[in-house]
Amino acid sequence: MYTFENNHNGLVFIKKDNSSGVMAFKIDSSGVGIKIQDEHFSNRSVLNVDNLAFIYLFYCQKGDCLATEGYLKFSNNGQQTVVQCPINYPCINPVNSLSNKCTNNGVAYYDYNNRSFNICVNNKAKNALTSVTINPGQKNYIFDNYDGKDNYYLFESDESANVVGYSRGIGAVLIDVDGDGNNDVMRCYFIDNTKPSVCLKAVQYGGYYIDLASNNFNDLIYCMNKSCNKKTENNGYYTNSDFDIITCNMGICIVSSNYQTSETCNYRNAQLVSLPSAIKPVFCLNNKEIKLLDEESYYTINNIDARYTYPNVVEGEDTIIVKIDKYSVTQQTTTENGICYNDNNHTIVDDEVCSAESGLIKYYCSTICLGCKQTKQSGKYDPYNQPNN
Numbered sequence: 088m089y090t091f092e093n094n095h096n097g098l099v100f101i102k103k104d105n106s107s108g109v110m111a112f113k114i115d116s117s118g119v120g121i122k123i124q125d126e127h128f129s130n131r132s133v134l135n136v137d138n139l140a141f142i143y144l145f146y147c148q149k150g151d152c153l154a155t156e157g158y159l160k161f162s163n164n165g166q167q168t169v170v171q172c173p174i175n176y177p178c179i180n181p182v183n184s185l186s187n188k189c190t191n192n193g194v195a196y197y198d199y200n201n202r203s204f205n206i207c208v209n210n211k212a213k214n215a216l217t218s219v220t221i222n223p224g225q226k227n228y229i230f231d232n233y234d235g236k237d238n239y240y241l242f243e244s245d246e247s248a249n250v251v252g253y254s255r256g257i258g259a260v261l262i263d264v265d266g267d268g269n270n271d272v273m274r275c276y277f278i279d280n281t282k283p284s285v286c287l288k289a290v291q292y293g294g295y296y297i298d299l300a301s302n303n304f305n306d307l308i309y310c311m312n313k314s315c316n317k318k319t320e321n322n323g324y325y326t327n328s329d330f331d332i333i334t335c336n337m338g339i340c341i342v343s344s345n346y347q348t349s350e351t352c353n354y355r356n357a358q359l360v361s362l363p364s365a366i367k368p369v370f371c372l373n374n375k376e377i378k379l380l381d382e383e384s385y386y387t388i389n390n391i392d393a394r395y396t397y398p399n400v401v402e403g404e405d406t407i408i409v410k411i412d413k414y415s416v417t418q419q420t421t422t423e424n425g426i427c428y429n430d431n432n433h434t435i436v437d438d439e440v441c442s443a444e445s446g447l448i449k450y451y452c453s454t455i456c457l458g459c460k461q462t463k464q465s466g467k468y469d470p471y472n473q474p475n476n
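With the working numbering, letter number 363 in the sequence shown gets 450, and the count goes up by one each step, no holes.
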């Protein structure tokens with residue numbers, strides 16, 4: 088998905104739009120989809136019964152979009168109208184909103200009595216078919232226990248409560264799905280190009296997950312010892328107990344497909360990858376496989392250009408230090424006092440002398456864009472991503 092901005096001086100700026108969520112698009116004669124903006128749902132010149140044949144629903148995750156199924160609400164001659172949007176088909180199927188009650192799950196309707204846009208879902212905690220109001224002013228995340236067992240579909244709405252559809256995202260949502268007052272980790276998995284993502288209440292979980300319920304591009308959910316919180320990460324590799332590989336680059340985090348078809352780390356230097364023979368992701372460095380363990384370890388990456396923020400790896404003359412733990416690989420910076428690095432066992436040691444004769448190296452890493460030097464650098468030191476020495 089891209090945005091086009093005319094500066095009215097003969098130039099048009101094109102940039103990637105990394106937005107996520109369920110959105111409606113109008114497909115023009117050339118096959119290009121133009122997003123329906125909030126104000127268009129009440130504008131008959133843009134959205135009306137005559138052009139519904141060109142309106143489709145998509146689910147986008149960080150700007151990458153797939154067709155999805157759902158419902159669209161718009162103003163038709165002053166009356167709120169709801170139409171169904173099948174996957175890969177236009178939004179032309181009208182929904183009967185006169186009953187004002189739920190008869191099937193996964194169906195949305197307009198409640199004229201309460202003037203609300205609602206969707207019907209199976210509520211496992213109540214063991215009942217329930218009508219849930221889609222509230223404007225925020226995105227709504229609604230789980231449908233569609234099979235009455237352990238599987239859920241996730242419905243997402245737009246902030247204006249004009250669109251609701253099946254999520255096709257990969258990640259997790261922290262939400263109380265049981266009604267017991269405690270947040271559950273709902274893990275959502277992409278199935279294929281014809282089905283919504285399937286979500287399960289996680290039982291065994293740990294590490295980092297894309298936060299599907301966040302509007303920010305770099306919000307993750309971090310879980311350890313059954314405790315989860317939201318974290319913001321800008322750069323590095325992250326993984327979890329399901330072995331997803333998440334790449335965060337310049338404040339945008341995506342689930343990446345770092346799958347190596349060969350059994351070696353060739354051509355994947357300084358990357359977190361999944362090898363065919365390895366159950367868990369491994370870190371590749373100088374054609375060697377480094378496992379992600381509970382204990383922290385530190386490695387130098389040499390001959391790269393630090394101006395290209397890690398995890399970008401471009402050949403150059405700089406050195407950076409990365410920390411590897413059970414669930415992440417991240418570039419490190421230091422205070423102006425630097426760190427003492429043991430190259431033999433890949434640890435940071437508390438040694439004021441830091442003698443080279445003992446296999447120790449003193450590094451000063453002021454910012455992620457300058458890399459690490461063995462002599463003290465002038466200027467401001469980045470207070471983030473510093474080793475625990």
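Every residue, glycine too, gets a C-beta built ideally from N, C-alpha and C.
Closest option to S106, judged by alpha-carbon separation, among A300, N200 and N238: A300. For I221 against N205, the beta-carbon gap comes to about 7 Å, under 8 Å, which counts as contact. Counting along the chain, V133 sits inside no beta strand (DSSP E), nor does DSSP assign it H or E at all.
The beta carbon of D265 is closer than 7 Å to those of A212 and D271 in its chain, skipping five residues each way along the sequence. Just measuring C-alpha positions, the residue of S162, K413, V440 and L144 sitting nearest Y253 is L144. Bridge partners of G157 according to DSSP: C172 and G252. Annotated as proximal: G294 and Y414, with beta-carbon spacing under 8 Å. If you check the CB distance, S162 and F141 do not come in under 8 Å. The distance from the Cβ of N321 to that of G338 is about 5 Å, consistent with a contact at the 8 Å cut-off.
By DSSP's assignment, I377 forms a beta bridge with F370. Under DSSP, V409 forms a beta bridge with Y386 and Q418. Relative to Q148, the option among G118, S132, N175 and G108 whose CA is nearest is G108. One alpha carbon belongs to V290, the other to K313, and they sit about 9 Å apart. In this structure, the CA atom of C352 is about 27 Å from the CA atom of K460. I341 places its beta carbon 8 Å or farther from that of P368.
With contacts defined as CB atoms closer than 8 Å, I407 and G458 qualify as a contacting pair. Taking the Cβ atoms as the reference, M110 lies roughly 7 Å from V250, within the contact range of under 8 Å. For the 8 Å CB-CB criterion, I455 and T396 form a contact. Among the bridge pairs identified by DSSP, M273 is matched with V260 and K288. By the CB criterion at 8 Å, Y158 and V182 fall inside the cutoff. Judged by beta-carbon spacing, L216 lies beyond the 8 Å limit of S284, meaning their Cβ atoms are not closer than that value.
Here T351 is not bridged, per DSSP, to any residue.
Straight-line spacing of the CA atoms in V219 and E92 works out to 38 Å. A buried status is given to V409, since no fewer than 16 other beta-carbon atoms sit within 10 Å of its beta-carbon. For F330, there is no enclosing beta strand (DSSP E), as DSSP gives it neither H nor E. The three-state secondary structure of S343, taken from DSSP, is coil. Beta-carbon to beta-carbon, F370 and V400 are separated by about 12 Å, too far to satisfy the 8 Å threshold. Within the DSSP secondary-structure output, I455 pairs in no beta bridge.
C-alpha of N431 to C-alpha of N302: approximately 43 Å in a straight line. Per DSSP, I221 is not a residue of any beta strand (DSSP E), being assigned neither H nor E.
Shown here for N269: same chain residues with a beta carbon closer than 7 Å to its own, the five before and five after excluded, namely D263 in chain order. If one requires a minimum length of 3 residues, the beta strand (DSSP E) runs lying completely within the region 300-328 are 306-311, 314-319 and 323-326, in chain order. The secondary-structure analysis by DSSP pairs F145 across a beta bridge with M110 and A154. Comparing alpha carbon positions, the residue from T319, D104, S361 and S442 closest to G150 is D104. Taking P173 as reference, the option from K282, Y292 and G256 with the minimal CA-CA separation is K282.
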